[in-house]
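Below is one structure, written out as structure tokens, with a few remarks after it.
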Amino acid sequence: EPEVTQTPSHQVTQMGQEVILRCVPISNHLYFYWYRQILGQKVEFLVSFYNNEISEKSEIFDDQFSVERPDGSNFTLKIRSTKLEDSAMYFCASDDRGQGGYTFGSGTRLTVV
Amino acid sequence: GIQVEQSPPDLILQEGANSTLRCNFSDSVNNLQWFHQNPWGQLINLFYIPSGTKQNGRLSATTVATERYSLLYISSSQTTDSGVYFCAVGIQGAQKLVFGQGTRLTINP
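Chains as they are written, first to last, in my numbering: chain A, 1 to 113; chain Z, 114 to 222.
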């Protein structure tokens with residue numbers, strides 16, 4: 001069964017450093033997403049991406065965040081200057097628009113120290 | 114925005130028991146999914162079920178869209194069913210999924 005692949009599985013970074021989280025969505029999906037889950041809380045939407053541009057973003061997705069699809073397969077989330085409160089599990093997802101719903105990757109656990 | 118409420122928040126059962134998890138939502142939806150978050154944090158897609166009934170082995174789900182709720186049934190629970198179950202919905206015109214707070218299910222041997 002096709003899957004969404006995320007790397008790394010766990011990243012520890014110093015406050016103020018830049019991090020890039022990487023994702024390879026399912027190849028025939030056209031819609032890509034980033035979500036995050038702070039420990040013990042519910043999953044929150046960050047941003048959706050379609051046709052090489054952001055199509056929707058949440059209040060959480062401020063100027064510190066950016067997304068990019070640098071080639072035909074990768075989808076990245078960059079956090080420019082990490083804060084302690086950015087510590088969370090970050091999930092990438094892709095969607096085939098109605099054929100089966102979202103498929104989520106296994107997540108990247110980001111720890112900011 | 115749309116509100117998603119799941120009940121119960123916690124459920125502790127013995128192996129072999131059956132359970133019913135509920136998801137209520139406050140507006141019409143065009144997407145509803147049930148996910149299982151396992152102890153490693155992975156979100157496993159169980160059902161894509163904006164309406165109707167589906168079954169997959171010991172799990173089944175029913176969504177009554179007109180009454181704005183969905184139910185997830187787990188029969189003959191196993192310890193590997195433990196984890197958090199999330200309901201997530203999407204509405205027409207928006208691309209995001211809105212998640213409920215989850216039901217934490219613990220199956221004891």
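Positions of the beta carbon are idealized from the N, C-alpha and C atoms, including for glycine.
Compare the C-beta of K209/Z against all C-beta atoms of chain A and say whether one is closer than 7 Å. It does: the Cβ of K209/Z has a partner Cβ on chain A nearer than 7 Å.
When we look at the beta-carbon of R36/A and count the other beta-carbons within 10 Å, is it buried (16 or more) or exposed? Buried, because 16 or more other Cβ atoms sit within 10 Å of the Cβ of R36/A.
Taking its Cβ as the centre, do 16 or more other Cβ atoms sit within 10 Å of S73/A, making it buried, or is it exposed? The C-beta of S73/A has fewer than 16 other C-beta atoms within 10 Å across all chains shown, which makes the residue exposed.
Is the beta carbon of I162/Z less than 7 Å from the beta carbon of A178/Z? In this structure, A178/Z does not lie closer than 7 Å to I162/Z by Cβ.
Please classify T166/Z as buried or exposed, where buried requires at least 16 neighbouring CB atoms within 10 angstroms. Exposed, since its Cβ has fewer than 16 Cβ neighbours within 10 Å.
So, is the C-beta of F65/A closer than 7 Å to a C-beta in chain Z? Judged by the 7 Å Cβ criterion, F65/A is not in contact with chain Z.
Are Q116/Z and T216/Z closer than 7 Å when you measure CB to CB? Not closer than 7 Å, so no.
Taking Cβ-Cβ distances below 7 Å as the criterion, which residues of the region 82–99 of chain A are in contact with chain Z? Correct list: M89, F91.
Taking Cβ to Cβ, would you say T103/A is nearer than 7 Å to Q6/A? Not a contact, by the Cβ cut-off of 7 Å.
If we count Cβ pairs, one from each stretch, closer than 8 Å, do we get three or more for the region 3–17 of chain A versus the region 53–67 of chain A? Judged by Cβ distances under 8 Å, the region 3–17 of chain A makes no contact with the region 53–67 of chain A, as fewer than three pairs qualify.
Nearest-angstrom Cα distance between G129/Z and C200/Z? So the alpha carbons of these two residues sit roughly 23 Å apart.
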